[in-house]
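Take 1234 as the starting number for the sequence shown in the numbering used here and just add one per residue.
Think of the CB as a built atom: it goes at the ideal place given N, C-alpha and C, for glycine as much as any other residue.
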Amino acid sequence: MRVADETQSGTLDFDPAPPRRVTWRAWLLAATAIIPVALAGMAAARAPRVHVLLDYWHVLAKITDDDGSLIPGQLFTYHLDQPFVVPSLLFWADAAWFGGDNRVLTLLTVLLAVAVVALLVSMLPTTLTPIKKAALGAGFSFLVLSSHAMELWVQATNGISWLPAVFFSVLAIALAHRGQPVLSYLAAALGCLCFGAAFPVWFALAVVLWLRRAPRLTVAMPAAIGVLVLGFWFATKPSGEHSLASTAFDPDGRLSTMAAAVGGLWSAELALPAVIAGGLTITALALLATTTIQRSTAQGTAASAEAGWIGLGTYALALAVMLALGRTSSSVPGGNVGLISRYVIVAALATCAVLVLITLHRPAWPTRYIVAMTMTLALVTHAIGGAKAAAVQRDYAPLRLAAIALRVNAPNALNTLHIQPSAIPAATALRAYPFTDDFTLGCDGHELGGQLPLATTPLPAPSTPGTDHGAIDTPLAPDTILSGWASISGTAADCVLVTDGTGTIVGGGITGLDHPSAAATGWHAVAPPGTTDLHIIVTAHGQTYHLPPTTK
């Protein structure tokens, strides 16, 4: 049988012997998919060792006894009004087996994102040329592991909250796309044990199976399960609002959030470009899906090649709707929840679906058109996300103080950092970082309990910039976040320490932070409750300097 196919030049030809040879151009395109994986992996590996977000410590305190043992019944309680079984287990396993290392789970998040990319590639039809497959695969990698998603790679609390649910949802869609409904139901059920982000996948599965012309009962089954899942969740979820939630009647705001979530790849800080891009993406999905359905109906055939991609688009849009209904707030950077870094996965999945549907609907387009369209979109959106990635790193930098605040058991400072002190007994019993033998202040060998001479070189705050100078911006009080700035020879201090009146090191801090004074580099520090006569010592170039106890 002669098979109509497309050559690399883009013209239709009759190729009697597929598959085709994979050329060096296809290999080169496929190799570019490694770039975003490497960038995300490096960000994950360089992430702080300590978990710095409230959710991790809240969940760990909830599911763990003070002796470190797991409380199984607590796994099935809601977190943020949603199921959290799998992430809770991962949090506990990280604390119990890997010393509570944030980097273990950030790297796992990257691996889950890579698995999502692999699942999307597996859904591509065999009729596509190797070059088109390679270009789309590289595009998937740049979109799913986008620089916009930096929040997922640097703080595992966010990544492990979202990526397992998304992974199982995409796995379910891929299985349904291959005509394996029972296995797809199992994957969807596992996703629902991860997070509410998997709830909409049941309706996406119904769409996929309907397009594949599965029996009516098979199509109705996931839709019915989806209704039951939502009904059970709504009847059992706790009352009250969670962070960023709003019950206000605000159709315009919710529509804006939905569109911004779908178009989040196209803006780092401003909501308007994301809303416009989201509107265009939604329109493209609707037109492509409608064309597919009309053609399939007219021909009386199943839309097997497009089914999974329309299902993926349906899932992404449903996620955006859920986000708009549950987390509308203007009190976020950019004034739109849809721009939050971790939610860019919605835009990534929707855009991947659009790219593949365009490719399938335009088989006569020259291959170079598909390659150019995919790679340009992937690279441009990745470049746009650089500003968001930098903002995420900048915003999370002050939270690195959490490790020292936990170690010195400063409850008021921890509350300021939005970390529950009640997690300390469980973390100590599990020997989770920072409650490990290798904990360090990272300050030239100076550690808690050590001694420093207080008669060190003072750093006054002169009126002439560019010389050695520094100051303390806050009152010198224990169990609070102390802050100030220092500059030695025009560069930032290496580290900051807190001593008592005898020179004993009782606390420490972090440096290299942004400061309102453009000519200065900020620091934050903390000391335990009950200490008196505090002194701030900074080090630079192997020397120690004493900041006088005066404010600006």
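Asked                                                                                                                             : Found
Nonlocal neighbours in the same chain, by C-beta distance under 6 angstroms from residue 1494, ignoring five residues either side : 1553, 1556, 1571, 1576, 1579
Three-way DSSP call (helix, strand, coil) for residue 1773 in this model                                                          : strand
Sequence ranges, alpha helix (DSSP H) only - wholly within the segment 1648-1692, length at least 4                               : 1657-1663
Per-residue burial, residue 1498 [other beta carbons within 10 Å of its own, 16 or more giving buried]                            : buried
Rounded C-alpha distance that separates residue 1294 from residue 1286                                                            : 13 angstroms
Span of the beta strand (DSSP E) around residue 1744                                                                              : 1738-1746
Euclidean distance between Cα positions of residue 1550 and residue 1329                                                          : 37 angstroms
Terminal residues of the beta strand (DSSP E) in which residue 1720 lies                                                          : 1715-1721
Member of 1369, 1436, 1279 whose CA lies at the smallest distance from the CA of residue 1261                                     : 1369
Contacting residues, own chain, Cβ-Cβ under 7 angstroms from residue 1711 (five flanking each side not counted)                   : 1760, 1761, 1762, 1763, 1764, 1767
Outcome for residue 1697 when other beta-carbon atoms lying within 10 angstroms are tallied against a minimum of 16               : Unreliable placement is indicated for residue 1697, whose pLDDT of 47 sits below 50; the coordinate value is still reported in the next sentence. Flag for residue 1697 reads exposed.
Beta-carbon proximity list for residue 1371, same chain, < 6 angstroms, skipping 5 on both sides                                  : 1262, 1265, 1266
Residue interval of the alpha helix (DSSP H) (run including residue 1410)                                                         : 1389-1410
Inter-residue Cα distance where the pair is residue 1465 and residue 1310                                                         : 13 angstroms
Same chain, Cβ closer than 8 angstroms to residue 1535, five either side skipped, listed in chain order                           : 1444, 1445, 1446, 1529
Sheet register partners of residue 1315 (DSSP bridge)                                                                             : 1312
Residue 1542 to residue 1400 span [Cα, whole Å]                                                                                   : 15 angstroms
Contact set for residue 1537: own chain, Cβ-Cβ below 7 angstroms, skip 5 residues either direction                                : 1445
Counterpart residues of residue 1704 in DSSP-defined beta bridges                                                                 : 1718
Residue from 1718, 1501, 1384, 1655 whose Cα sits closest to the Cα of residue 1299                                               : 1655
Cβ pair residue 1351, residue 1398 closer than 8 angstroms                                                                        : no
Which residues DSSP lists as bridging residue 1602, in chain order                                                                : Residue 1602 pairs with nothing; no bridge assigned.
Exposed unless 16 or more other CB atoms sit within 10 angstroms - verdict on residue 1524                                        : exposed
Beta-carbon gap between residue 1518 and residue 1594 smaller than 8 angstroms                                                    : no
Residues bridged to residue 1755 [DSSP beta-bridge criterion]                                                                     : 1718, 1746
CB contact flag (residue 1726, residue 1773, <8 angstroms)                                                                        : yes
Segments assigned alpha helix (DSSP H), at least 4 residues, entirely inside the segment 1528-1605                                : 1537-1559, 1577-1594
Between the CA atoms of residue 1647 and residue 1669 - distance to the nearest angstrom                                          : 19 angstroms
Residue burial classification, residue 1539 (beta-carbon count within 10 angstroms, cutoff 16)                                    : buried
In DSSP terms, what residue 1425 is bridged to                                                                                    : Looking at the DSSP assignment, residue 1425 forms no beta bridge with any residue, so it has no partner.
Candidates 1623, 1713, 1483, of which the one nearest residue 1651 by Cα                                                          : 1713
Rounded separation between residue 1745 and residue 1728 - CA only                                                                : 9 angstroms
Anticipated Cβ contact below 8 angstroms, residue 1305 with residue 1425, distance rounded                                        : The Cβ separation is near 18 angstroms, so there is no contact.
Same chain only: Cβ atoms within 6 angstroms of residue 1358, ignoring 5 sequence neighbours per side                             : 1538
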